[in-house]
Amino acid sequence: MKTDSVVSFCIYFINQQWLHEATHDQPSDQTKTQLAPLNLFLYDVQGYTTADWVVEVTLFSSTSTVVKSTTNNIYTGSYKYSYDQAGGQASVTHFTDTGCTANPTQTYADQLGNCVSYTINGNTLYKQFALATQPLLQFQGYISYEKHYNFNDCTDKNFAARTLISPNQATCLYAESFNRMINKLTMPTGEFMSLDYGRLSVCGTPTGTLGFNAGTCLGVPGAITSYGIAFPCVVPTLTMDLTLPAVLSTNRITIPGISTSWKAYLNYTMTSYTITYQIGGAGTVFPAHSNCTSTTGCTFILPSPAQSITINGSPNLYVPTGLTAPSFSKSYQLPPPPTVTSLSVTSRKSTSITFNYNVGDIGIDGAAADTTYIVKLNGTIDVTDPTCIVGPTCTISNLSPGSTQTISVQASTNGYTTQAYSSSVTLYQEITDIVIESATIKTKSVSINYHPISTDTAFPVALSILVNGQPKASCDSSSYTTNGCLVDQLTPNTTNIITITASANGYTFSKDFTYLTFPSLNNYSFNITRVGTTRIDVSFEYQGGVGPVVQEISIPGEGLCIPLAVAGTCYFNVQPDTTYTVSGKFVNDGTSFSLTPQTVTTYPLVSGLEVTFEQVSLESLKISWSSIGGIPLLTTYSIDVAGTNFSNPPSNQTLLYQYPNGYPYGQTLIITVNALNDGLMITKEVPFVAFQYPSISYQMFKFINTLNLTWNPMTGGNPNSPTTYTSWLQYQSSGPKIEKCSGQSIFYCQFNHLLAGLEYNHYLTVNNFLFSIDRRGDDYTSQETNISCTNNCNNQGECILGSCDCNQGWDGPQCDIELSNNTSTPLVYSLTPSTTSNTPPSVTVFVNNTVKYSIALLKVSEVDTTDNIIVKTLDFSTGSAGGWQLNGLTASYTNANGVSILITFAQTSAGESSVVSFTGKPYNVTGGSTLLNITVSGWTFDLASNYLDIELSVSHPSSICSDSSWSVSTNSTFVSENNLASSLLIGNDPSNNETTVLLQGKLVNSGVVDTIPSVITYTSSGSNNTPTTLLTIRTPSFTQSVTVQPAFHIITKNITIKQCPNPSTTTSTTSTTTTTTSTTTTTGDDGSLVSLAVHPIIPLNIAVFFTVICIILF
4 MKTDSVVSFC IYFINQQWLH EATHDQPSDQ TKTQLAPLNL FLYDVQGYTT ADWVVEVTLF
64 SSTSTVVKST TNNIYTGSYK YSYDQAGGQA SVTHFTDTGC TANPTQTYAD QLGNCVSYTI
124 NGNTLYKQFA LATQPLLQFQ GYISYEKHYN FNDCTDKNFA ARTLISPNQA TCLYAESFNR
184 MINKLTMPTG EFMSLDYGRL SVCGTPTGTL GFNAGTCLGV PGAITSYGIA FPCVVPTLTM
244 DLTLPAVLST NRITIPGIST SWKAYLNYTM TSYTITYQIG GAGTVFPAHS NCTSTTGCTF
304 ILPSPAQSIT INGSPNLYVP TGLTAPSFSK SYQLPPPPTV TSLSVTSRKS TSITFNYNVG
364 DIGIDGAAAD TTYIVKLNGT IDVTDPTCIV GPTCTISNLS PGSTQTISVQ ASTNGYTTQA
424 YSSSVTLYQE ITDIVIESAT IKTKSVSINY HPISTDTAFP VALSILVNGQ PKASCDSSSY
484 TTNGCLVDQL TPNTTNIITI TASANGYTFS KDFTYLTFPS LNNYSFNITR VGTTRIDVSF
544 EYQGGVGPVV QEISIPGEGL CIPLAVAGTC YFNVQPDTTY TVSGKFVNDG TSFSLTPQTV
604 TTYPLVSGLE VTFEQVSLES LKISWSSIGG IPLLTTYSID VAGTNFSNPP SNQTLLYQYP
664 NGYPYGQTLI ITVNALNDGL MITKEVPFVA FQYPSISYQM FKFINTLNLT WNPMTGGNPN
724 SPTTYTSWLQ YQSSGPKIEK CSGQSIFYCQ FNHLLAGLEY NHYLTVNNFL FSIDRRGDDY
784 TSQETNISCT NNCNNQGECI LGSCDCNQGW DGPQCDIELS NNTSTPLVYS LTPSTTSNTP
844 PSVTVFVNNT VKYSIALLKV SEVDTTDNII VKTLDFSTGS AGGWQLNGLT ASYTNANGVS
904 ILITFAQTSA GESSVVSFTG KPYNVTGGST LLNITVSGWT FDLASNYLDI ELSVSHPSSI
964 CSDSSWSVST NSTFVSENNL ASSLLIGNDP SNNETTVLLQ GKLVNSGVVD TIPSVITYTS
1024 SGSNNTPTTL LTIRTPSFTQ SVTVQPAFHI ITKNITIKQC PNPSTTTSTT STTTTTTSTT
1084 TTTGDDGSLV SLAVHPIIPL NIAVFFTVIC IILF
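Heads up, the sequence shown is in this note's numbering, so the first residue is 4 and it goes up one at a time.
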């Protein structure tokens, strides 16, 4: 509602039938017309003297509004409606123009609400002005009827009247100036309705029917629109609510605005509302606000805070009689007045305090703006700082440091003061000092523990440190108690200034401290003082440094050096006989000082304790001991012999133990030796068994050519001393003893190649320790079982040693050649040895200066009888061996390898047979036989089982005269039918009286081998076409020498002695011819030469037979 003192408007009557209702079906029919959107209503009721039925006319504004007339209007001019708000009087003034200015005539002036009659067009009308604070309120279910005074559609609200018709009215309305009548209005179904309309002035006579959507209230199309027909609409359901939640305060409610649910087609805004309230939702209704606008809302104050309030609101519109205006209702609980619930100190200095007060529900509505605070300090109101009153922050200054102050705060809101909140606050006390609790000074660092001095530790403290003016960020701290700081990277033996600054609550305190670092470690070294088997001792030293010096002397894989009780010494437990590198470092104050490595080798553990005995005599025992390993020269020994202890034995590790009761035959003595070195003792316990006197038994087994001496192992003696067995063989007691077997593990000795039926001396010597056992025996070899001769010697002789000893008048190998006047052995002969460096040594035998033959040494060879091959040889046939010397009837040879050969030529006396003793066996040799004694010595055999072959060449007999017409060219005959002797016969003995010369060899199978008569063998070879026979003598191996002695003699038949020239002049030989009586020699039983008579060569004029006998021994 406007607050102007006079509100008026001007409306121009269109015709005399304005607001004229011609006919009513019932007296109760009513018409309510609104000229929108004016605020002043005119109530006009026809036919009655009361103001029950009114027409509302709404003012536009405080100025007049003119409704212009048309050409059809009966009346012209304009009316001005005025309202004097102060006097509460409304008036109507008529003007002759259309602008409410010309010729004003007041037609009505009266108090609002007065009912006045007037006549228009002969009809008495009643009119009444009433002040309406709100537009006409439309109600749900009623018909909203609009009449347009122009020819526009229903969207033009400037010149229109709105009438509210009850739902059940059947109203015949006169269409004012246009004679249009709404004959019948039918209620719609949903939002649709229909009506009849006509042009007649009589109600009920329809002209046509129109149907339309009542919900749209759009203009009627077509020709109907041109008649300005009225449009009815159904008023929809109306609801109302606040546009936003209400804002509550302790005793105030603010409504932000009110909205409705009207459809947009009503095209109307609810302008204001009337608000009432009830306390507790019941009881008396109290006015709150009469003009609470829909857009800006309203605020109203309640008499008391914190109450439960129910508000009611209804729109400020005209409500016809009998209708109840719609309304809305809301319930609220008002909050209590703000109360200070706590104080929070935001700044506590040494002379001032700043704090905030916390108030519950202060943010509701405008409580913060309406609330002030009463601040008291120690019971006195503090108003020196205006901000303390406005709050919620307050600062109080000019206080005493460290003092305790009591603060109280009360909240005052809209005259309500709540209970005070109190709190005590102690003002801040600044830091007064910084104390060093402890300081550890090293070579390159200083470690300190410190804290600031302050009685107030509520505020965090920031501690920073400068070292020689440079920040040490790592030492920054924030504790009032102990703070640690390591100031490192300093220079040894220097002065350093450490500045500590403490900051807390905006205050700062600083203090300087001075420290001198220690000098660093110097002159450091280590030495290996002792090397043992399982331990290495080390000493070390250093100068300078600070605090503990950690020695990290170590051996890879063995760990660190273990400290000893003496300072500066340590040791390693190590393995024996191992090379180690000792290295390490000293660590002091975080710095390492490396040491020069040293290499050392530990000694092996004492071991290998050995104990030996030597029975030096039957009165004492030499005990020796030794060990290996350990520390050199530090091994000590102790000895116990059969319970007798020698704690300090001789240093030469030899003890001569004297038997206390003589030699302990057969007893066992326990000898214990202890060796101690570097703490390790080893023990060796050995038994010594005293021995008995040694004894031995032996036995001889005899065979034809072998003696086999066997013996059992020696019993007794020293078992720890080797026992050596040696056997010898001797022929005749005067001969030398020839060693045949010797060794420690031999228990027999076989003497081979002996002659059958011959006595030999044998010896056995056993050597053991201090004793030597000698055994001697004489034994014969077994007799030869096969000693028969061929043809039993023709019964003309005796078989001796397998060879025929012929009777007088008989000769030949089998005694089958009868000697007679024309068959005999020669009586005259001579020997001519010869040799040169290019020819083999030989001898030529001249018989009766008629017949000759020769014997030469060709070869000496070693033969491996296993494979029958020659191992090595001396070949004299080519003259390559050379080196022969001739001395009379003796030829000798010696080479660089020590081989020596001696050949002696001899003859037996002519005539009767002679007895020759050789190799211990006597046998007969035909008179005039030639003997060859051959000795070989110094020959080294590859194998003891090898043999030696001596090869001779025997030429067949021939005439010494150049004109002789005969010669011997037949094969030789060799016979070896037993083991004692062989025979060789060159030539044949025919039964006729042909001239025949026979050369017979008597070959006894014996020789002297190393002075021992031994068995040898003969073999021969030759052919009819060769005037030479090869004779081979085979002997066993020897160590000293071998001697053989074959014999040869000549048998002639039917040969006339022919005197030829002297052989020395008639032959080409260079040998010397023996022409004088000489002495020839043969060998004895041991191979020595025996003198034989040699007759001179005597020329004969008669025919004689002669025999040459030659024996060659292998």
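All residues carry an ideal CB built from backbone N, CA and C; glycine is no exception.
Could you check how far apart the C-beta atoms of residue i and residue j are, in whole angstroms? I think they sit under 8 Å.
i    : j    : result
E980 : T793 : 6 Å
C488 : I456 : The pair is not a contact, with the Cβ atoms about 17 Å apart (cut-off 8 Å).
I356 : Q408 : 7 Å
If you count every other CB in all the chains shown that lies within 10 Å of the CB of residue i, and 16 or more means buried, which is it?
i     : result
S1040 : buried
P329  : buried
S403  : exposed
L203  : At L203 the pLDDT is 38, less than 50, meaning the model places this residue with poor confidence; the figure from the coordinates comes in the next sentence. Classification for L203: exposed.
P551  : exposed
Y483  : buried
M717  : buried
R637  : First, the residue type needs correcting, since residue 637 is Leu and not Arg in the sequence shown. L637 comes out exposed.
E915  : exposed
Whole angstroms is fine: what's the gap from residue i's alpha carbon to residue j's?
i     : j     : result
K475  : N486  : 14 Å
G1004 : V919  : 15 Å
K743  : L767  : 10 Å
W813  : L934  : 21 Å
L346  : N381  : 15 Å
V378  : Q432  : 24 Å
T375  : G300  : 27 Å
S1009 : I904  : 18 Å
Y640  : T727  : 35 Å
L658  : V1045 : 53 Å
Q29   : I278  : Residue placement at Q29 is poorly supported in this model, since its pLDDT is 27, which falls under 50; the coordinates still yield a value, given next. About 39 Å.
T398  : P339  : 28 Å
T582  : A568  : 26 Å
S480  : F512  : 14 Å
T253  : Q336  : 9 Å
I937  : P697  : 45 Å
S823  : N898  : 50 Å
D1    : T458  : An answer regarding residue 1 cannot be provided, because it is not within the stretch 4 to 1117 covered by the chain.
V874  : T1022 : 19 Å
S932  : S806  : 15 Å
K333  : A423  : 34 Å
Q786  : V1012 : 20 Å
P925  : F691  : 59 Å
Relative to the C-alpha of residue i, which candidate in the options has its C-alpha closest?
i    : options                : result
T893 : L946, V902, S345, S845 : S845
S630 : F616, T647, L612       : L612
A309 : T342, T298, T327, S332 : T342
F543 : Y510, N764, N526       : N526
A984 : P836, Q1043, V1047     : V1047
N417 : T922, S948, S262, I304 : I304
E617 : G535, L773, A442       : L773
D945 : S806, T876, Q661, K588 : T876
N401 : I565, R351, M684       : R351
D782 : L712, E821, T788, D808 : L712
A507 : F694, P463, N648, T847 : P463
Worksheet item: Using 8 Å as the threshold, is the region 461–477 in touch with the region 609–627, meaning 3 or more CB pairs across them?
Response: no
Worksheet entry | Contact between the region 666–678 and the region 698–710 (3+ Cβ pairs under 8 Å) | no
Worksheet item: Is the region 746–764 touching the region 1006–1023, taking contact as three or more C-beta pairs under 8 Å?
Response: yes
Discussion item. Between the region 442–451 and the region 505–525, can you find at least three pairs of beta-carbon atoms closer than 8 Å?
Written reply: yes
Worksheet item: How about the region 422–440 and the region 529–545: do they share at least three Cβ pairs that are nearer than 8 Å?
Response: no
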